[in-house]
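Chemist:
Protein chains: 2
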Amino acid sequence: MPVTIRDVARQAGVSVKTVSRVINGDGPVREATRQRVQAVIEALHYRPNAVARSLVTRRTMALGLLIADVINPFFPEVVRGVEDAAKVAGYTVLLGNTDEDPVQEERYLALMQERQVDGLVLSGSRAEEEVLRQAADSGFWMALINRAVHHPRILSILVDNADATAQATSYLIQKGHRRIAYLLGPSRAEAARLRFEGYRRALREHGIPFRPAYVVQEIPRIEGGRKAMRTLLALPSPPTAVVAYNDLMAIGAIEAVQEAGGRVPDDVAVIGFDDILLAAYTIPPLTTVRVPKYEMGYKAAAALIDTIKIGRTSPRVVRFKGKIVVRGSA
Amino acid sequence: MPVTIRDVARQAGVSVKTVSRVINGDGPVREATRQRVQAVIEALHYRPNAVARSLVTRRTMALGLLIADVINPFFPEVVRGVEDAAKVAGYTVLLGNTDEDPVQEERYLALMQERQVDGLVLSGSRAEEEVLRQAADSGFWMALINRAVHHPRILSILVDNADATAQATSYLIQKGHRRIAYLLGPSRAEAARLRFEGYRRALREHGIPFRPAYVVQEIPRIEGGRKAMRTLLALPSPPTAVVAYNDLMAIGAIEAVQEAGGRVPDDVAVIGFDDILLAAYTIPPLTTVRVPKYEMGYKAAAALIDTIKIGRTSPRVVRFKGKIVVRGSA
DNA sequence: TTGTAAGCGTTATCAC
DNA sequence: GTGATAACGCTTACAA
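Line by line, the protein sequences give chains A and B. First residue of the first sequence? That's 94 in the working numbering, and the numbers climb one at a time after it. First residue of the second sequence? That's 94 in the working numbering, and the numbers climb one at a time after it.
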């Protein structure tokens, strides 16, 4: 039988309310009483039951965290950022992997609501906007990383996807490239759309015509990048440079070029996005856009917690800047 | 105001118990009643409050998961394994990073108990054995990954650290190496002791004298490996091969050799442990011992859940085999 | 097949 | 300063 607040009260010869006061350090308690209660708490190894507390306070001091997949090297840093911010504020994190599957994400969303988490951080979210809106309407606080949804209970933590990709593309153009391809990510992802937009904008600004054949969409993994690059290489006039939706695809692209007997960056320059750990270790090391993943996770959780505390989102959107990291692939 | 089981009952013109029966699909309910209740549940968007349920059932259907650090490439796969097994069984995962710090780990342990998780999975655990024992004594179920503690409520999920390292060392010996160094991990880690033991055993079995100067202890990161290797390289008679506690140290060692103008594996052969994603992408790609991280995480959670269900650990220890993956570094 | 009442372990209300 | 007592939203006897 676990020891309860009642046991402590009885043992200390006080009421439960007094014990509660001692635990939470709120209401007034005579010092002598406090010490006596404290002693009993330690003697009995009493631990307050957070479940019972949550039932009455209506707060679980827990945050849900839904990510696409921890094994995907983009997410661990986000997770760590969220966890650190949560810890600082006394919150616990409930983790779920959604595999970029709207159905799984929605299922988890419902689960998190049942579990009464005080707020939810979503990274790699692919659920229908309507579903997110509905959850928010029902009183749920959310922070979206790399996705924007305009709603008074939804916070968005963004990186300047379009600008950063435009910069990366311009960088290639300045290096003399004209035949620049784009490896497109999943169309459900807002980030994918925005990055692609940045690519097109840079082309436009430099007066380089957009060629649909230079855009290949694939799954945002190494295999996807490899496959996409093979397609591009088979073109009558293959590109001399490639901008990828993310590092994983970029790495796959490098592999495909090398498999085909080409050299990177001499034959084909490759530039990625995210700056995952692996990026520094490929051959050649990947030139990419660094996304402040940890910081974004931290900020998402910290801002969400603030939001919950004050009862409104302010600010509604936080923007981070991506930064080109020039290494060997472009 | 959130809608409760009472609201549903009132609206459907039945008792709360009947609604409860419909939700949980237990007791007998007339089909017509069931449908009526179900309709009201949907109309009202009713979601049972898991906190209230947990308070009375005394089960949270939640597992705690304490790891050293999600950013350390060893852990994401473990996390994913745990999460997948938990999901299958209807459990939720509460995540915590302990940074291999006993103090933080113990703090989390207490927190998880307050939160009433049904069981706890620990990977990269560094808490005092006494602390774990005490938690177990107080009725807490635990699964330890890569650490053995003999206790009726503690499950251990192990990889054959000693054997696998002995194999790796023997592999080097068979390749003709005689001056083989060892990069030792954190002495608090049981895995570190066991792997080191395997190294010594292999040496002994092949009649190669053990040289203390060939053992360097460092933090189990890339920097640690680099530092340790530099020390070894400065020896009057430096080793021609190195076995590392983990891949991160091995990667650092490779870097140190190359920095010093040496070639891997020609001048110094390097062999790691774990087989993290990065291992396949270093130059040269790392020869290492593959540890079934995902499987160990999955098994830990699955076995823990079984254990909770039947009320006893059976079996008490699960052993996995490491397997040498020969790539380019040895 | 359905309902009533008690109680899970806390905190909140309001009196003393 | 301190203590009864009523919630919180649900499940579990036990009745009906």
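All residues carry an ideal CB built from backbone N, CA and C; glycine is no exception.
To the nearest angstrom, how far is it from the Cα of A:Ile364 to the Cα of B:Ile273?
Modeler: Their Cα atoms are separated by approximately 40 Å.
Chemist: Does the beta carbon of B:Pro195 sit closer than 9 Å to a beta carbon anywhere in chain A?
Modeler: No, B:Pro195 lies away from the interface with chain A (no Cβ there is under 9 Å from its Cβ).
Chemist: Mind listing the chain B neighbours of A:Ser143? Cutoff is C-beta to C-beta under 7 Å, in chain order.
Modeler: The amino acid occupying residue 143 of chain A in the given sequence is Ala; Ser does not appear at that position. Under the 7 Å cutoff, chain B gives Glu207, Arg208 and Gln209.
Chemist: Contact defined as beta carbons within less than 8 Å: I believe A:Gly212 pairs with A:Leu156. What is the distance between those atoms, to the nearest angstrom?
Modeler: 5 Å between Cβ atoms; contact.
Chemist: In chain order, what are the residue ranges of uninterrupted beta strand (DSSP E) at least 3 long that sit wholly in the segment 307–384 of chain A?
Modeler: You should have 308–310, 334–337, 362–364 and 381–383.
Chemist: Can you confirm whether A:Gly212, when its beta carbon is compared against all beta carbons of chain B, has any partner nearer than 9 Å?
Modeler: So no, A:Gly212 is outside the interface.
Chemist: Compute the Euclidean distance between the alpha carbons of B:Ala259 and B:Glu290, then round it to the nearest angstrom.
Modeler: One C-alpha to the other measures close to 8 Å.
Chemist: With a threshold of 9 Å between beta carbons, is B:Arg304 in contact with chain A?
Modeler: Output row for B:Arg304: interface = no.
Chemist: Taking the C-alpha atoms as reference points, what is the distance between A:Asn489 and B:Ala393?
Modeler: Residue 489 of chain A is absent from the model: chain A starts at 94 and stops at 423.
Chemist: Who are the Cβ neighbours of A:Ala349 in its own chain at under 6 Å, not counting the five residues just before and after it?
Modeler: Around A:Ala349: Arg319, Met322 and Arg323.
Chemist: By Cβ distance, which residues of its chain are closer than 8 Å to A:Ile401, with the 5 residues on each side in sequence left out?
Modeler: Closer than 8 Å at Cβ, skipping near neighbours: Asp211, Gly212 and Trp234.
Chemist: Just verifying my parser: in three-state terms, what is the DSSP assignment at B:Gly390?
Modeler: If DSSP states are grouped into helix, strand and coil, B:Gly390 belongs with the helices.
Chemist: Closest by CA to B:Ser422, which one among B:Tyr184, B:Ile376 and B:Arg103?
Modeler: Looking at the Cα atoms, B:Ile376 is the closest of the given residues.
Chemist: How should A:Ala132 be labelled, buried or exposed, when 16 other C-beta atoms within 10 angstroms of its C-beta is the threshold for buried?
Modeler: Looking at its Cβ environment, which holds fewer than 16 other Cβ atoms inside 10 Å, A:Ala132 is exposed.
Chemist: Grab the span of the alpha helix (DSSP H) containing A:Gly174 for me, first residue to last.
Modeler: Its alpha helix (DSSP H) spans residues Phe168 to Val181.
Chemist: CA-CA distance, B:Gly120 and A:Asn165?
Modeler: Computed Cα separation, rounded: 44 Å.
Chemist: From A:Arg123, A:Arg146 and A:Phe167, pick the residue whose C-alpha is nearest to that of A:Gly390; which is it?
Modeler: When only C-alpha atoms are compared, the closest one is A:Phe167.
Chemist: Across which residues does DSSP place B:Arg412 in a beta bridge pair?
Modeler: B:Leu251, per the DSSP bridge assignment.
Chemist: Measuring CB atoms only, is the segment 301–317 of chain B touching the segment 332–349 of chain B, in the sense that at least three cross pairs come out at less than 8 Å?
Modeler: Because the criterion of three Cβ pairs below 8 Å is met, the segment 301–317 of chain B and the segment 332–349 of chain B touch.
Chemist: Pick out the complete beta strand (DSSP E) segments inside the segment 187–215 of chain B, 3 residues or longer, and give them in chain order.
Modeler: Taking only runs of at least 3 residues, no beta strand (DSSP E) segment lies wholly in the segment 187–215 of chain B.
Chemist: Anything in chain B within Cβ reach of A:Tyr374, meaning under 9 Å, just list it in chain order.
Modeler: In chain order: Ile344, Leu371, Tyr374, Thr375 and Ile376.
Chemist: Count the other C-beta atoms from every protein chain shown that fall within 10 angstroms of the C-beta of A:Lys46, then say buried if there are 16 or more, exposed otherwise.
Modeler: No statement about residue 46 of chain A is possible, as the shown extent of chain A runs from 94 to 423 and does not include it.
Chemist: So what does DSSP say about A:Val112, is it helix, strand or coil?
Modeler: It is helical.
Chemist: Closer than 9 Å by beta-carbon distance: list the chain B residues that pair up with A:Arg173, in chain order.
Modeler: Near A:Arg173 (Cβ distances below 9 Å), the residues of chain B are Asp162, Val163, Ile164 and Asn190.
Chemist: DSSP three-state label for B:Val133, please.
Modeler: The answer is helix: DSSP assigns B:Val133 an H, G or I state.
Chemist: Quick one: what does DSSP say B:Tyr139 is sitting in, helix, strand or coil?
Modeler: Here B:Tyr139 sits in coil by DSSP.
Chemist: By alpha-carbon positions, which one of A:Ala372, A:Ile238, A:Arg288 and A:Asp399 ends up nearest to A:Arg412?
Modeler: With distances taken between Cα atoms, A:Arg412 lies closest to A:Ile238.
Chemist: What residues of chain B sit near A:Glu170, judged by a beta carbon separation below 9 Å?
Modeler: Correct list: Val163 and Ile164.
Chemist: If you measure beta-carbon to beta-carbon, which residues of the segment 223–236 of chain A are closer than 8 Å to chain B?
Modeler: The residues in question are Ser231 and Gly232.
Chemist: How many angstroms separate the CA atom of B:Arg297 from the CA atom of B:Val384?
Modeler: Spanning the two alpha carbons is a distance of roughly 24 Å.
Chemist: Grab the span of the alpha helix (DSSP H) containing A:Ile98 for me, first residue to last.
Modeler: Taken as a continuous stretch (DSSP letters only), the alpha helix (DSSP H) holding A:Ile98 covers Ile98 to Ala105.
Chemist: Report back the beta-carbon spacing between B:Leu325 and B:Val214 to the nearest angstrom; my notes put them in contact at under 8 Å.
Modeler: Not quite, the Cβ-Cβ distance comes to about 36 Å (not below 8 Å), so this is no contact.
Chemist: At which residues does the alpha helix (DSSP H) containing A:Gly291 begin and terminate?
Modeler: Element bounds for A:Gly291: Glu283 to Glu298.
Chemist: Going by beta-carbon coordinates alone, are B:Val181 and B:Ala395 separated by less than 9 Å?
Modeler: Taking 9 Å as the Cβ cut-off, B:Val181 and B:Ala395 qualify as a contacting pair.
Chemist: Kindly indicate if chain A contains any beta-carbon less than 9 Å away from that of B:His138.
Modeler: Yes - at least one Cβ of chain A is within 9 Å of the one on B:His138.
Chemist: What is the DSSP secondary structure of A:Ala274, reduced to helix, strand or coil?
Modeler: In the structure shown, A:Ala274 sits in a strand (DSSP, three-state: E or B).
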